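To keep things clear, I will list the structure first and then write my remarks on it.
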Amino acid sequence: MLAEAPRQAGVVTTVTGEATLTRATRSDQPLALKFRDEVLYKDRIRTKANSVARVLLGGKAVVTVSALSDLIITEEPQQPAVVNLF
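Take the position in the sequence shown, starting the count at 1, then add 3; the result is the number in the working numbering.
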């Protein structure tokens, strides 16, 4: 049985300050978050002090991640997306 490829949850529309993107498939390697980065389900976005990131989900909703926060988007049965903001 083949593993299902990660699906796109959204795209980064704004990054101000410092933020990182940690892929669910490579949790040991955070990358600098950039404008137009693809965000996949189960990826983690982490913002640092005085930073903001915005992600457009499914072309319909914008999630703003303020300073010193984490965002993880997951899927559950009967729900298109679950947004966990810490």
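For every residue, glycine included, the Cβ atom is placed at its ideal position computed from N, Cα and C.
This structure is a prediction, so every number in the text was calculated from the model and none was measured.
G62: first and last residue of the uninterrupted beta strand (DSSP E) it sits in: Translated into the one-based positions of the sequence shown, residue 62 becomes position 59. Segment: none, G62 is in no beta strand (DSSP E) and carries neither H nor E.
Could you please give the first and the last residue of the uninterrupted beta strand (DSSP E) stretch that includes T19? The residue given as residue 19 occupies position 16 in the sequence shown. From DSSP, the beta strand (DSSP E) with T19 extends over 11-19.
What is the DSSP secondary structure of T25, counted as helix, strand or coil? Here residue 25 corresponds to residue number 22 of the sequence shown, with the count starting at 1. DSSP places T25 in strand when its eight states are reduced to three.
Quick check on D40: buried or exposed, where buried means 16 or more other Cβ atoms within 10 Å of its Cβ? Locating residue 40 in the sequence shown gives position 37, where the first residue counts as 1. With 16 or more Cβ atoms within 10 Å of its Cβ, D40 is classed as buried.
Candidates S54, V65, Q81, V85, of which the one nearest S72 by Cα: By 1-based counting over the sequence shown, the position of residue 72 is 69. That would be S54, whose Cα lies nearest to the Cα of S72.
Contacts around L59, its chain only, beta-carbon distance under 7 Å, and the 5 residues preceding and following it disregarded: As a first step, residue 59 is located in the sequence shown; it is residue number 56 there, counting from the start. Excluding residues within five positions, the ones whose Cβ falls inside 7 Å are G13, V14, T16, V65.
At what residues does the beta strand (DSSP E) containing D73 begin and finish? Here residue 73 refers to the residue found at position 70 when the sequence shown is read from its first residue. Counting along the chain, the beta strand (DSSP E) containing D73 begins and ends at 73-79.
So what does L43 bridge to, in DSSP terms? The sequence position of residue 43 within the sequence shown is 40, counting from 1. Q11.
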